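Anchor point for the sequence shown: position 96 equals 96 in UniProt numbering, and the numbering is continuous, going up by one each time.
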Amino acid sequence: MVRYFLGTLIIMFAFTSCKKDENDSSDNSFVVTYDGALFHCTGFKSFIEIKDLDRLNLILDLDDKYSGNVVGLVDLKGDYKKDDKIKVSVAKYNITGDKVCPAFTPFPSVVVLKEELIDD
1 MVRYFLGTLI IMFAFTSCKK DENDSSDNSF VVTYDGALFH CTGFKSFIEI
51 KDLDRLNLIL DLDDKYSGNV VGLVDLKGDY KKDDKIKVSV AKYNITGDKV
101 CPAFTPFPSV VVLKEELIDD
(Lines of atoms letter the chains of each structure in order from A and count residues from 1; the text may use other names and numbers.)
(Lines give C-alpha, C1' and ligand atoms only; values in the text may rest on other atoms or scores of the structure.)
Protein backbone atom coordinates (compact mmCIF):
# COMPACT_ATOMS: atom_id res chain seq x y z
CA MET A 1 0.00 0.00 0.00
CA VAL A 2 2.83 2.38 0.87
CA ARG A 3 4.49 1.65 -2.50
CA TYR A 4 1.35 2.67 -4.37
CA PHE A 5 1.08 5.84 -2.35
CA LEU A 6 4.75 6.74 -2.96
CA GLY A 7 4.46 5.84 -6.64
CA THR A 8 1.41 8.08 -6.99
CA LEU A 9 3.21 10.96 -5.27
CA ILE A 10 6.25 10.59 -7.51
CA ILE A 11 4.12 10.57 -10.66
CA MET A 12 2.15 13.61 -9.48
CA PHE A 13 5.37 15.45 -8.66
CA ALA A 14 6.84 14.61 -12.08
CA PHE A 15 3.82 15.97 -13.93
CA THR A 16 3.55 19.14 -11.88
CA SER A 17 7.24 19.94 -12.06
CA CYS A 18 7.34 19.53 -15.85
CA LYS A 19 4.38 21.80 -16.49
CA LYS A 20 5.45 25.39 -17.11
CA ASP A 21 3.18 28.06 -15.72
CA GLU A 22 1.88 29.82 -18.84
CA ASN A 23 0.48 32.75 -16.88
CA ASP A 24 3.63 33.76 -15.03
CA SER A 25 2.60 37.16 -13.68
CA SER A 26 6.15 38.48 -13.71
CA ASP A 27 6.51 38.01 -17.47
CA ASN A 28 6.08 41.19 -19.49
CA SER A 29 6.47 39.50 -22.89
CA PHE A 30 3.55 38.97 -25.24
CA VAL A 31 3.07 37.70 -28.76
CA VAL A 32 0.89 40.17 -30.61
CA THR A 33 -0.62 40.26 -34.07
CA TYR A 34 0.23 43.57 -35.70
CA ASP A 35 -2.68 45.45 -37.28
CA GLY A 36 -0.73 48.42 -38.58
CA ALA A 37 -3.19 51.18 -37.82
CA LEU A 38 -1.46 54.05 -36.02
CA PHE A 39 -3.32 56.19 -33.51
CA HIS A 40 -1.79 59.41 -32.19
CA CYS A 41 -2.39 58.69 -28.51
CA THR A 42 -2.43 54.90 -28.35
CA GLY A 43 0.30 53.83 -30.78
CA PHE A 44 0.15 50.95 -33.24
CA LYS A 45 -2.97 48.82 -32.97
CA SER A 46 -2.22 45.16 -32.23
CA PHE A 47 -4.13 42.14 -31.03
CA ILE A 48 -3.22 40.05 -27.98
CA GLU A 49 -4.42 36.59 -27.08
CA ILE A 50 -7.25 36.40 -24.54
CA LYS A 51 -5.13 34.09 -22.33
CA ASP A 52 -2.70 37.01 -21.82
CA LEU A 53 -5.32 39.45 -20.46
CA ASP A 54 -4.59 38.79 -16.79
CA ARG A 55 -0.88 39.53 -17.25
CA LEU A 56 -1.66 42.60 -19.36
CA ASN A 57 -4.00 43.90 -16.66
CA LEU A 58 -1.20 43.59 -14.10
CA ILE A 59 1.02 45.77 -16.30
CA LEU A 60 -1.73 48.29 -17.08
CA ASP A 61 -2.69 48.64 -13.40
CA LEU A 62 -6.12 50.07 -14.25
CA ASP A 63 -8.97 50.55 -11.80
CA ASP A 64 -11.31 48.69 -14.15
CA LYS A 65 -9.93 45.50 -15.67
CA TYR A 66 -9.51 45.63 -19.44
CA SER A 67 -11.33 42.84 -21.24
CA GLY A 68 -10.62 43.54 -24.92
CA ASN A 69 -8.06 41.96 -27.20
CA VAL A 70 -6.63 45.16 -28.70
CA VAL A 71 -3.61 46.98 -27.29
CA GLY A 72 -1.62 49.95 -28.54
CA LEU A 73 2.14 49.61 -28.94
CA VAL A 74 4.02 52.85 -28.29
CA ASP A 75 7.67 53.22 -29.41
CA LEU A 76 7.51 50.26 -31.78
CA LYS A 77 10.61 50.68 -33.93
CA GLY A 78 10.49 47.88 -36.51
CA ASP A 79 8.88 47.95 -39.93
CA TYR A 80 6.08 45.41 -39.83
CA LYS A 81 3.25 44.34 -42.12
CA LYS A 82 -0.37 43.67 -41.21
CA ASP A 83 -0.82 40.28 -39.49
CA ASP A 84 2.87 39.92 -38.58
CA LYS A 85 3.45 38.14 -35.26
CA ILE A 86 5.74 40.11 -32.96
CA LYS A 87 7.09 39.15 -29.56
CA VAL A 88 7.22 42.31 -27.46
CA SER A 89 8.41 43.07 -23.95
CA VAL A 90 6.37 45.93 -22.55
CA ALA A 91 5.86 48.29 -19.63
CA LYS A 92 3.02 50.56 -18.54
CA TYR A 93 2.63 53.60 -20.80
CA ASN A 94 2.22 57.02 -19.20
CA ILE A 95 1.23 59.80 -21.58
CA THR A 96 3.72 62.66 -21.52
CA GLY A 97 2.53 66.14 -20.59
CA ASP A 98 2.98 67.64 -24.06
CA LYS A 99 0.75 65.10 -25.81
CA VAL A 100 -2.91 66.15 -26.05
CA CYS A 101 -5.24 63.16 -26.09
CA PRO A 102 -9.00 62.74 -25.67
CA ALA A 103 -10.29 61.59 -22.30
CA PHE A 104 -11.48 58.32 -23.85
CA THR A 105 -9.21 56.09 -25.91
CA PRO A 106 -10.58 52.95 -27.59
CA PHE A 107 -7.90 50.67 -26.14
CA PRO A 108 -5.03 50.88 -23.63
CA SER A 109 -1.38 51.28 -24.58
CA VAL A 110 1.94 49.86 -23.46
CA VAL A 111 5.50 51.00 -24.15
CA VAL A 112 7.57 48.54 -26.16
CA LEU A 113 10.91 47.85 -24.48
CA LYS A 114 12.04 45.06 -26.77
CA GLU A 115 10.62 43.60 -29.98
CA GLU A 116 11.26 40.66 -32.26
CA LEU A 117 9.49 39.49 -35.42
CA ILE A 118 8.40 35.86 -35.17
CA ASP A 119 8.86 33.85 -38.35
CA ASP A 120 6.00 31.50 -39.15
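Where a beta carbon is used, it is the ideal one built from N, C-alpha and C, also for glycine.
Nothing here was measured: the structure is a model prediction, and the numbers come from that model.
For aspartate 54, the enclosing alpha helix (DSSP H) has its first and last residue at 53-60. For threonine 105, same chain residues with a beta-carbon under 7 Å away, outside a window of 5 residues either side, are Cys41 and Thr42 in chain order. Contact between the segment 26-39 and the segment 70-90 is established, with three or more Cβ pairs separated by less than 8 Å. Within the segment 65-119, the complete beta strand (DSSP E) segments of 3 residues or longer fall at 70-74, 85-92 and 109-118, listed in chain order. By the CB criterion at 8 Å, phenylalanine 44 and leucine 38 fall inside the cutoff.
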